[in-house]
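Everything below concerns the one structure shown next.
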Amino acid sequence: MSDPEQRPRFFDAHCHLQFPVFDSNRDLVLRNARARSGVEAVAVNGCCEQDWPAVQALCEDESVDEVEPTRCRVVPNFGLHPWYLRDRTDRWLASLRAALESNPRAGLGECGLDRTPRVLRHTSFDEQTDLLVQQLRLAKELRRPVSLHCVKAWGRMVEVLRREGPFPNGVLLHSFCGPAEVVPGLCNLNAHFSISLSILRVKDQRAKAALNAVPLERLLLETDSPDSLCSAPGEWGEAFRLREAAEGLDSATNHPGNLPVVARIVARMTGRAEEVVAKATYQNAVRLFGGKDNP
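Taking the numbering used here, I'd label the letters of the sequence shown as residues 77 to 371.
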């Protein structure tokens, strides 16, 4: 597997490399993820107006040689995350439209619904819903995929997606952990589901049910880095051998180079070969996010 021509290719469908924790070594993280782990592309998701310029700068800074790339390709996404809704300006929607229109290959995200107390303290559930609907409609108008956050809000999320869908350019339920019963209906709306190491925080049977409900052609992988680095149950043993972090990166910080570990966990939970999971999820991500990679 060490031969770059033979090893699997990976696409990190959801991460946050614009976060300050990567400021001192962001380029090295991108280079190591490609060289050591075969990660060819990453979808970097903005969370608020204040960090959209940093996401855009990641694309503008790309020092990718078209003949022999040396680092991951960055696919930008711009959106309002539920955790940061109180920080929005009156011009947030116009600014979001401008960010998307200035970058034709950008997706919309991260946006969504979150019913945890930390969010409800500053943004009501109805207000979250209204802001999500505005973003979904903008994405449909501009024909962009959407990366969705959903925590303790599946009833409302399914209701909104049914009302606003289907979505010709797709929606992605990121860090999907269930419930399994929502999967068939969401697939009919052109939903996709990406899996992170957060799946290990869910009770084993529920996690397996959620994961196995997702058709292979709608399955993607993500790190959600720098988050979602959790302790693995002992049963995973060597399967949970994390990749070496870039120099200067704290060992508690997740990064795109760990994506093959996610693939390994998904393969074991679904009874598929790792190569099958890697190939399918890479191709699915390319179809969803577009780009010059040829699956």
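Yeah, the Cβ is synthetic: ideal placement off N, Cα and C, and Gly gets one too.
Quick caveat, the model's predicted, so the values are computed rather than measured.
Give the range of the alpha helix (DSSP H) segment to which S171 is assigned. W168 to E177
Quick check: S327 and E298, are their CB atoms within less than 8 angstroms of each other? no
Alpha-carbon spacing of E116 relative to G155, whole angstroms: 23 angstroms
Taking the alpha carbon of R149 as the reference point, which residue from A174, D127 and F86 has its own alpha carbon closest? F86
Closer than 8 angstroms is the cut-off here; do at least three beta carbon pairs connect the region 339-351 with the region 274-288? yes
Considering only residues of the same chain and omitting the five flanking positions on each side of R294, which have a CB-CB separation below 8 angstroms? C263, A267, H268, F269 and N360
Nearest-angstrom Cα distance between D280 and P332? 24 angstroms
Element boundaries [beta strand (DSSP E), containing R149]: R149 to F154
Please list the terminal residues of the continuous alpha helix (DSSP H) segment that includes G373. The chain is shown from 77 up to 371; residue 373 falls before or after that span and cannot be answered.
What is the residue span of the beta strand (DSSP E) that A89 lies within? F86 to C91
Cβ-Cβ separation, G246 to L134 (assumed contact under 8 angstroms), whole Å: So it is not a contact: roughly 22 angstroms between Cβ atoms.
Our contact map puts N179 next to S223 with C-beta atoms below 8 angstroms; I'd like the distance itself, whole angstroms only. N179 to S223, Cβ: 15 angstroms. No contact.
Supposed contact pair R282 and A229 - C-beta distance, whole angstroms, cut 8 angstroms: At roughly 17 angstroms, the Cβ-Cβ gap does not stay under 8 angstroms, so A229 and R282 are not in contact.
Nearest by alpha-carbon distance to V151: which of A130, P96, Y160 and R164 is it? A130
Kindly indicate which residue of H90, P302, R147 and R219 has the alpha-carbon position closest to the one of L176. R219
Cβ neighbours of V353 in the same chain (closer than 6 angstroms, five flanking residues each side left out): A339, V342 and A343
Here's the rule I'm using: 16 or more other beta-carbon atoms within 10 Å means buried, otherwise exposed. How should H198 be labelled? exposed
Counting only the same chain and skipping the five closest in sequence on each side, list residues whose C-beta sits under 6 angstroms from that of A356. L292
Spatially closest choice to H225 from L184, E240, L249 and Q211, by CA coordinates: L249
Can you name the start and end residues of the alpha helix (DSSP H) that F365 belongs to? E350 to F365
According to the neighbour-count rule (16 or more other Cβ atoms, all chains shown, within 10 Å of its Cβ), is S200 buried or exposed? exposed
Roughly how many angstroms separate the alpha carbons of H92 and F98, rounded to a whole number? 9 angstroms
Using 10 angstroms around the beta-carbon of S100, count the other beta-carbons present and answer buried if the total reaches 16, otherwise exposed. exposed
Since P374 and R110 are thought to touch, with beta carbons under 8 angstroms apart, how far apart are those beta carbons, to the nearest angstrom? Because residue 374 is not part of the residues shown, which for the chain are 77 to 371, the question remains open.
Taking DSSP as the reference, what is the three-state secondary structure of E311? The predicted model places E311 with a pLDDT of 49, which falls under 50 and marks its position as unreliable; any figure quoted below should be read in that light. Three-state DSSP puts E311 in a helix.
Suppose you measure from the CA of H186 to the CA of G122; what does that come to, to the nearest Å? At residue 186 the sequence reads Glu, which differs from the His that was named. When rounded, the distance between both Cα atoms is 6 angstroms.
Around the C-beta of A215, are 16 or more other C-beta atoms found within 10 angstroms, so that it is buried, or is it exposed? buried
Which residues does DSSP list as the beta-bridge partners of G183? N153
Measure the Cβ-Cβ separation of G183 and P242 and say whether it is below 8 angstroms. no
Could you give the uninterrupted runs of the beta strand (DSSP E) lying entirely in the region 220-305, keeping only those of 3 residues or more? 222-227, 247-249, 267-271 and 295-297
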